[in-house]
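*Asks:* Below you'll find the structure I mean.
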Amino acid sequence: MQFTDLGIDTRLETQLAHQGITQPTDIQAHAVPTALAGHDIFAQSKTGSGKTLAFLLPAVQRVMKQKALSKRDPRVLIVAPTRELATQVFTQLRLLIAGTAIKAVKILGGENFNDQIKALRNDPQFVVATPGRLADHITKRSLQLSGLELLIFDEADRILDLGFTEQLKMINEQANHRLRQTLLFSATLDHAQVDALSRNLLKKPKQITLSAANEQHSDIKQTLYLADHLDHKEALLEHFLNQDDVGQCIIFTATRADTSRLSEALNAKGFKSVALAGDLTQNKRLDIMDSFSRENFKILITTDVASRGLDLLSVTHVINFDLPKHAEEYVHRIGRTGRAGFKGNAISLVGPKDWASYLAIKAFLNDELKFASIESLKAKFKGLKEKKPEAAWDKSKEKAAAVKKPAFKRKAKPKKPTAPIKAPMNIDGDTPMRRKKKPEQE
Ligand code: ADP
Ligand code: MG
Numbered sequence: 010m011q012f013t014d015l016g017i018d019t020r021l022e023t024q025l026a027h028q029g030i031t032q033p034t035d036i037q038a039h040a041v042p043t044a045l046a047g048h049d050i051f052a053q054s055k056t057g058s059g060k061t062l063a064f065l066l067p068a069v070q071r072v073m074k075q076k077a078l079s080k081r082d083p084r085v086l087i088v089a090p091t092r093e094l095a096t097q098v099f100t101q102l103r104l105l106i107a108g109t110a111i112k113a114v115k116i117l118g119g120e121n122f123n124d125q126i127k128a129l130r131n132d133p134q135f136v137v138a139t140p141g142r143l144a145d146h147i148t149k150r151s152l153q154l155s156g157l158e159l160l161i162f163d164e165a166d167r168i169l170d171l172g173f174t175e176q177l178k179m180i181n182e183q184a185n186h187r188l189r190q191t192l193l194f195s196a197t198l199d200h201a202q203v204d205a206l207s208r209n210l211l212k213k214p215k216q217i218t219l220s221a222a223n224e225q226h227s228d229i230k231q232t233l234y235l236a237d238h239l240d241h242k243e244a245l246l247e248h249f250l251n252q253d254d255v256g257q258c259i260i261f262t263a264t265r266a267d268t269s270r271l272s273e274a275l276n277a278k279g280f281k282s283v284a285l286a287g288d289l290t291q292n293k294r295l296d297i298m299d300s301f302s303r304e305n306f307k308i309l310i311t312t313d314v315a316s317r318g319l320d321l322l323s324v325t326h327v328i329n330f331d332l333p334k335h336a337e338e339y340v341h342r343i344g345r346t347g348r349a350g351f352k353g354n355a356i357s358l359v360g361p362k363d364w365a366s367y368l369a370i371k372a373f374l375n376d377e378l379k380f381a382s383i384e385s386l387k388a389k390f391k392g393l394k395e396k397k398p399e400a401a402w403d404k405s406k407e408k409a410a411a412v413k414k415p416a417f418k419r420k421a422k423p424k425k426p427t428a429p430i431k432a433p434m435n436i437d438g439d440t441p442m443r444r445k446k447k448p449e450q451e
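Here the sequence shown stands for residues 10 to 451, where the numbers follow our numbering.
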């Protein structure tokens, strides 16, 4: 199948071919025609399965081919939970619109507000934004959304987790007209909170669920190691980082302070690591991501600020130095590797403090987790017995309850798009990705 078979312009197809992208992935094959037909979409598919193009392609196609509702207001608004992710989506968008007259601006927190006002006065058709700063512009009336045609939320559940409900309401109200189309995308959309959000935002949505949030990712090898204490975790970490098969690696810690501390400890041992600590300026954060994506250093140490969306194809290993509290963040963290059909490894260190999180993740993933050990670094810790339920547990129960409920209140089961999509399927029912060459780094 070709992109043109999905209704995508040959010009865009050529642009994709330059990036080595020639065949749509499963999510693209489903979402692109559905979006072009004007439906609202609620789409869930695995990490690294190509969701960005699944929403960008129909958006660019629409702006290229259809008449605008308003000459001044943006036509497409894409909201992403973090600045890093918004920047990445913006970069992908700019590649698609290169050589056209289409204008796009990026509106992020931490950057100069007045510069953004000026950029918005240029009447861009596309705005890519993080929710907080976007809401500021709406309040100050430097951004009007009454002509908005397409509203897209990437990692929609994360935007809610971050507590941007009020901002979402405001955006929704500002762009509340009959013709607005709304698309929600994530790898983990099936929790109760999202259900409520989608009922407010979406009109008769088509639900495209290509994998369950808790389904195992066939390209990611997951292994857990028990650890007694911090020093033991560091010894294990050093062992893993010294393995030959480690290309680039992302290490997740529980707190921001831990990122800097661990980075210093690793650098003292001769590794080349950098911490994406939360107190850095916006420019510094983006510089670090840029430098990491150019493979200037091997190890990035971060918190959940980088768990979502970031697409770095040379990441061979994700190491959870500490486990995340929420099970769905585990899915996103490990999804920083094993992307676009490449294989990846996810290693998690589980100490006494991680045990409650471990149980929550295990329950969420239906027991898909395997422990291993390194002969010279075996732990005395064997897990905690019968621990009282904790916050992390509650979340998984909430999810279990949410799964039983249908995602939308409707009589019939939501239909998948009717046109049969004939793509080569692998064993998981996903279209294997084909890439001719690595995309050029920007
Ligand atoms: P997701 O949002 O589902 O996690 P992304 O949109 O970030 O995934 O895409 C993951 C990677 O796959 C990116 O590097 C992207 O360029 C690549 N990709 C996307 N679509 C295709 C395709 N049709 N063929 C090959 N590679 C693709
Ligand atoms: Mg994504």
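Every residue, glycine too, gets a C-beta built ideally from N, C-alpha and C.
Let me know the secondary structure DSSP gives Q252 once reduced to three states.
*Replies:* Stepping through the sequence shown from its first residue, residue 252 is reached at position 243. Three-state DSSP puts Q252 in coil, outside helix and strand.
*Asks:* In whole angstroms, what is the alpha-carbon distance linking Q225 and N276?
*Replies:* The residue you call residue 225 lines up with position 216 of the sequence shown. The residue you call residue 276 lines up with position 267 of the sequence shown. Those two C-alpha atoms are separated by around 34 Å.
*Asks:* How big is the Cα-Cα spacing for E377 and T109?
*Replies:* In the sequence shown, counting from the first residue as 1, residue 377 sits at position 368. In the sequence shown, counting from the first residue as 1, residue 109 sits at position 100. Going by the C-alpha atoms only, they are around 47 Å apart.
*Asks:* For the beta strand (DSSP E) that contains N354, what are its first and last residues?
*Replies:* Position 345 of the sequence shown, counted from the start, is the residue given in the question as residue 354. Residues G353 to V359.
*Asks:* Examine the ligand ADP and report whether any of its heavy atoms sits within less than 6 Å of the Cβ of K60.
*Replies:* To locate residue 60, count along the sequence shown from 1; it is residue 51. Yes, the ligand ADP has a heavy atom inside 6 Å of this Cβ.
*Asks:* Spatial neighbours of N329 within its chain, please: CB distance less than 6 Å, with the 5 preceding and 5 following residues excluded, ordered by chain position.
*Replies:* Within the sequence shown, numbered from 1, the residue matching residue 329 stands at position 320. Counting only Cβ-Cβ distances below 6 Å, and skipping sequence neighbours, we find F261 and S357.
*Asks:* So what's N329 in DSSP terms, helix, strand or just coil?
*Replies:* The residue given as residue 329 occupies position 320 in the sequence shown. Here N329 sits in strand by DSSP.
*Asks:* From L15 to V41, what distance separates their C-alpha atoms?
*Replies:* Here the question's residue 15 lines up with position 6 in the sequence shown. Here the question's residue 41 lines up with position 32 in the sequence shown. Approximately 6 Å between the Cα atoms of the pair.
*Asks:* Does the beta-carbon of I383 have 16 or more other beta-carbons within 10 angstroms, so that it is buried, or is it exposed?
*Replies:* The residue labelled residue 383 in the question sits at position 374 within the sequence shown. With fewer than 16 other Cβ atoms within 10 Å, it is exposed.
*Asks:* Please state whether DSSP places S382 in a helix, a strand or coil.
*Replies:* If you number the sequence shown from 1, residue 382 lands on position 373. DSSP places S382 in coil when its eight states are reduced to three.
*Asks:* Between the alpha carbons of R187 and L198, how many angstroms are there, rounded?
*Replies:* Stepping through the sequence shown from its first residue, residue 187 is reached at position 178. Stepping through the sequence shown from its first residue, residue 198 is reached at position 189. If you take the alpha carbons of R187 and L198, they lie about 25 Å apart.
*Asks:* Taking its Cβ as the centre, do 16 or more other Cβ atoms sit within 10 Å of F172, making it buried, or is it exposed?
*Replies:* As a first step, residue 172 must be located in the sequence shown, where it is residue number 163. First, the amino acid is wrong: residue 172 is Gly here, not Phe. Counting Cβ neighbours within 10 Å, G172 comes out exposed, since fewer than 16 surround it.
*Asks:* When you measure from the CB of G318 to every non-hydrogen atom of the ligand MG, does any distance come out below 6 Å?
*Replies:* In the sequence shown, the residue the question calls residue 318 occupies position 309. It does: the Cβ of G318 is within 6 Å (strictly closer) of some heavy atom of the ligand MG.
*Asks:* Distance check for L374 and A263, CA to CA, integer angstroms please.
*Replies:* Along the sequence shown, one-based indexing puts residue 263 at 254. Along the sequence shown, one-based indexing puts residue 374 at 365. Roughly 21 Å between the two C-alpha positions.
*Asks:* Is I168 closer than 7 Å to P83 when the C-beta atoms are compared?
*Replies:* To locate residue 83, count along the sequence shown from 1; it is residue 74. To locate residue 168, count along the sequence shown from 1; it is residue 159. It is not a contact, given that the beta carbons lie outside the stated cut-off.
*Asks:* Regarding I30 and the ligand ADP, is the C-beta to nearest heavy atom distance less than 6 Å?
*Replies:* What you label residue 30 is simply residue 21 of the sequence shown in a count that begins at 1. Yes, the beta carbon of I30 sits closer than 6 Å to at least one heavy atom of the ligand ADP.
*Asks:* Which two residues bound the contiguous alpha helix (DSSP H) that contains Q37?
*Replies:* Taking the sequence shown and counting its residues from 1, one reaches residue 37 at position 28. First-last of the alpha helix (DSSP H) with Q37: D35 to L45.
*Asks:* Measuring from the CB of A349, is there a heavy atom of the ligand ADP at a distance below 6 Å?
*Replies:* The sequence position of residue 349 within the sequence shown is 340, counting from 1. A349 Cβ: within cutoff of the ligand ADP.
*Asks:* Along the chain, where does the beta strand (DSSP E) that runs through D163 open and close?
*Replies:* Within the sequence shown, numbered from 1, the residue matching residue 163 stands at position 154. Looking at the DSSP string, the run of the beta strand (DSSP E) that includes D163 is L159 to D163.
*Asks:* Compute the Euclidean distance between the alpha carbons of V359 and T139, then round it to the nearest angstrom.
*Replies:* To locate residue 359, count along the sequence shown from 1; it is residue 350. To locate residue 139, count along the sequence shown from 1; it is residue 130. Distance between the alpha carbons of V359 and T139: 33 Å.
*Asks:* Once you ignore the five residues that flank K391 on each side, which residues in its own chain have a CB closer than 8 Å to its CB?
*Replies:* Position 382 of the sequence shown holds residue 391. Same-chain partners within the cutoff: L235.
*Asks:* Just to confirm the assignment, what range does the beta strand (DSSP E) spanning A110 have?
*Replies:* Taking the first residue of the sequence shown as 1, we reach residue 110 at position 101. Where A110 is concerned, there is no enclosing beta strand (DSSP E), given that its DSSP letter is neither H nor E.
*Asks:* For D254 and T325, I'd like the C-alpha separation in whole angstroms.
*Replies:* For the purposes of this step, residue 254 is taken as residue 245 along the sequence shown, with counting starting at 1. For the purposes of this step, residue 325 is taken as residue 316 along the sequence shown, with counting starting at 1. C-alpha separation (whole angstroms): 8 Å.
*Asks:* If we call anything under 7 Å between Cβ atoms a contact, is L157 one with N181?
*Replies:* The residue labelled residue 157 in the question sits at position 148 within the sequence shown. The residue labelled residue 181 in the question sits at position 172 within the sequence shown. Not a contact, by the Cβ cut-off of 7 Å.
*Asks:* Opposite I229 in the DSSP bridges: which residues?
*Replies:* Looking up residue 229 in the sequence shown gives position 220. Beta-bridge pairing links I229 to G353.
*Asks:* Would you give the residue range spanned by the alpha helix (DSSP H) that A336 belongs to?
*Replies:* Translated into positions along the sequence shown, residue 336 becomes position 327. That run of the alpha helix (DSSP H) goes A336 to I343.
*Asks:* If you follow the beta strand (DSSP E) that V203 is part of, which residue opens it and which one closes it?
*Replies:* For the purposes of this step, residue 203 is identified with residue 194 of the sequence shown, where counting begins at 1. Counting along the chain, V203 falls outside any beta strand (DSSP E), though it belongs to the alpha helix (DSSP H) covering A201 to L210.
*Asks:* Could you tell me which uninterrupted beta strand (DSSP E) segments, each at least 3 residues in length, are contained entirely in the segment 262-321, listed from first to last along the chain?
*Replies:* Fully enclosed beta strand (DSSP E) runs of 3 or longer: 282-284 and 308-311.
*Asks:* What separation, rounded to the nearest whole angstrom, lies between the Cα atoms of F306 and S323?
*Replies:* Position 297 of the sequence shown, counted from the first residue, corresponds to residue 306. Position 314 of the sequence shown, counted from the first residue, corresponds to residue 323. So the alpha carbons of these two residues sit roughly 12 Å apart.
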